[in-house]
Amino acid sequence: MAHSHSTQKPVIERQRMIIPNKHGEKLVGLLHETESKEIVILCHGFRSRKYGNYYREADDLHAVIQHFSGESHVVSAILGHSKGGNVVLLYASKYQDLRIVVNVSGRYDLKRGIAERLGEDFIEIIKKDGHIDVKNKTGGIEYRVTEEALMDRLRTDMLEACLKIDKECRVLTVHGSADEIISIEDALEFAKVIPNHQLHIIEGANHGYTSHQTELASTVVKFIASALEQDKDSSK
Numbered sequence: 000m001a002h003s004h005s006t007q008k009p010v011i012e013r014q015r016m017i018i019p020n021k022h023g024e025k026l027v028g029l030l031h032e033t034e035s036k037e038i039v040i041l042c043h044g045f046r047s048r049k050y051g052n053y054y055r056e057a058d059d060l061h062a063v064i065q066h067f068s069g070e071s072h073v074v075s076a077i078l079g080h081s082k083g084g085n086v087v088l089l090y091a092s093k094y095q096d097l098r099i100v101v102n103v104s105g106r107y108d109l110k111r112g113i114a115e116r117l118g119e120d121f122i123e124i125i126k127k128d129g130h131i132d133v134k135n136k137t138g139g140i141e142y143r144v145t146e147e148a149l150m151d152r153l154r155t156d157m158l159e160a161c162l163k164i165d166k167e168c169r170v171l172t173v174h175g176s177a178d179e180i181i182s183i184e185d186a187l188e189f190a191k192v193i194p195n196h197q198l199h200i201i202e203g204a205n206h207g208y209t210s211h212q213t214e215l216a217s218t219v220v221k222f223i224a225s226a227l228e229q230d231k232d233s234s235k
C-alpha cells in the first residue's frame with residue numbers, strides 16, 4: 000500500500016508481487032502503486048496452516064521490506080491486523096529499522112484463545128496425535144495445527160518483545176471495544192509496556208471492523224501522516 004500526501008486522489012495500479020524469503024519460499028502480495036515513493040506494508044491475520052511461525056513471519060516481513068527499500072520506494076510504516084499485529088510488533092522488536100508501526104487487534108497473551116479454537120484438552124490431543132485438525136461448520140478440515148506450530152505460539156512472549164521496541168519507534172494500537180476474538184484487555188496491556196505508544200479504541204467495532212472501516216482507516220492514516228511529519232521536522 001503506497002501512502003501519498005497529495006490532496007488529489009492518486010491513480011492506483013495493482014500489481015501482483017512475488018518475493019523470495021530466506022528459506023527459498025515465495026511470498027505473494029499485491030502492490031497498490033501510487034505516485035508516492037512511500038509505502039505502508041500491510042500484514043493480514045491468521046490464514047489456514049499458518050498457526051505458529053510468528054518470528055518466521057517477522058523474517059518474511061523483513062524480506063519484503065528489503066525488497067522495497069531502494070531508490071524507487073521507501074517503506075515508511077508497517078501495519079498488521081490480528082496475528083499480523085503480533086508480527087509487526089515482533090518485527091519492530093527484532094529489527095528496529097522502522098519508526099512507525101500500527102498494531103490492529105493484535106493479541107498480547109498468546110496463551111489465550113487456543114482452547115476456543117482447539118478445544119480444552121488440546122495439549123493432551125496434540126501430544127498424543129502430533130496434530131489437531133480444526134474443522135469448519137460443514138465438517139471439513141479447515142486447517143491442521145501441528146505440535147511444532149502450537150509450541151512456537153506458546154513460546155512467543157509479547158511482553159519480552161514489546162519491551163525491546165526502540166523508544167524512537169512510534170506504535171499505534173487500534174482495537175474494537177466489541178472484539179469477539181481478542182479481548183480489549185490485550186490492547187490495554189500493549190499500552191502499558193510499549194515505550195512510545197498511542198492507543199485508540201473504536202467503540203462498537205468487532206474484530207473485523209465490519210461496520211467501522213471508515214474510522215479505522217482515518218485513524219491509521221492520521222497517525223501515519225502525523226508521525227511522518229514529526230520525523231521530517233526532527234530531521235531539519
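First residue of the sequence shown: 0, per my numbering; consecutive thereafter. Even glycine gets a Cβ: it sits at the ideal position worked out from N, Cα and C.
Task: N- and C-terminal bounds of the beta strand (DSSP E) containing Thr172 - done: As a first step, residue 172 is located in the sequence shown; it is residue number 173 there, counting from the start. Per DSSP, Thr172 belongs to the beta strand (DSSP E) from Arg169 to Gly175.
- [ ] Could you tell me the distance, in whole angstroms, from the CA atom of Cys168 to the CA atom of Pro194?
- [x] Against the sequence shown, residue 168 aligns to sequence position 169. Against the sequence shown, residue 194 aligns to sequence position 195. If I take the Cα positions, the gap works out to 8 angstroms.
- [ ] Just the C-alpha distance for Leu117 and Val173, rounded to the nearest angstrom, thanks.
- [x] On the sequence shown, position 118 is the one that residue 117 refers to. On the sequence shown, position 174 is the one that residue 173 refers to. The straight-line gap from Cα to Cα measures roughly 27 angstroms.
Task: CA-to-CA distance, Lys134 to Glu228, given in whole angstroms - done: Numbered from its first residue, the sequence shown carries residue 228 at position 229. Numbered from its first residue, the sequence shown carries residue 134 at position 135. About 47 angstroms.
TODO: Within the same chain, show all residues whose beta-carbon is closer than 6 angstroms to that of Ala148, passing over the 5 residues directly before and after it, in chain order.
DONE: The residue you call residue 148 lines up with position 149 of the sequence shown. Excluding residues within five positions, the ones whose Cβ falls inside 6 angstroms are Tyr50 and Gly51.
- [ ] Mind checking which residues open and close the beta strand (DSSP E) that includes Gln14?
- [x] Stepping through the sequence shown from its first residue, residue 14 is reached at position 15. Judged by DSSP secondary structure, Gln14 falls within the beta strand (DSSP E) whose first and last residues are Glu12 to Pro19.
Task: Rounded distance between the beta-carbons of Val100 and Ala76, thought under 8 angstroms - done: Numbered from its first residue, the sequence shown carries residue 76 at position 77. Numbered from its first residue, the sequence shown carries residue 100 at position 101. About 7 angstroms separates the two Cβ atoms, so the contact holds.
Task: Val100, DSSP secondary structure in three states - done: Counted from its first residue, the sequence shown places residue 100 at position 101. Reduced to three states, the DSSP call for Val100 is strand.
Task: Collapsed DSSP secondary structure at Thr6 in the structure displayed - done: Your numbering for residue 6 matches position 7 in the sequence shown. In this predicted model, Thr6 has a pLDDT of only 47, less than 50, meaning its place in the structure is not dependable enough to derive any value.
Task: beta strand (DSSP E) segment containing Thr145, residue limits - done: As a position in the sequence shown, residue 145 is number 146, starting the count at 1. Ile140 to Thr145 is the span of the beta strand (DSSP E), which, as asked, contains Thr145.
Task: Val73 classed as buried or exposed, judged by whether at least 16 other C-beta atoms fall within 10 angstroms - done: Counting from one through the sequence shown, the residue named residue 73 turns up at place 74. Val73 comes out exposed.
Task: Complete beta strand (DSSP E) runs within the segment 64-132 (minimum length 3 residues, chain order) - done: 73-80 and 99-103
Task: Close Cβ partners of Glu179 (< 7 angstroms) along its chain, the five nearest in sequence each way excluded - done: Position 180 of the sequence shown, counted from the start, is the residue given in the question as residue 179. Once the five neighbours on either side are set aside, the close Cβ partners of Glu179 are Asn205 and His206.
- [ ] Find out if the Cβ-Cβ distance for the pair Leu158, Tyr94 is shorter than 9 angstroms.
- [x] If you number the sequence shown from 1, residue 158 lands on position 159. If you number the sequence shown from 1, residue 94 lands on position 95. No, the Cβ-Cβ distance between Leu158 and Tyr94 is not below 9 angstroms.
Open item on the list: From the DSSP secondary-structure annotation, give me the bridge partner or partners of Glu37.
Closed with: Stepping through the sequence shown from its first residue, residue 37 is reached at position 38. By DSSP's assignment, Glu37 forms a beta bridge with Val73.
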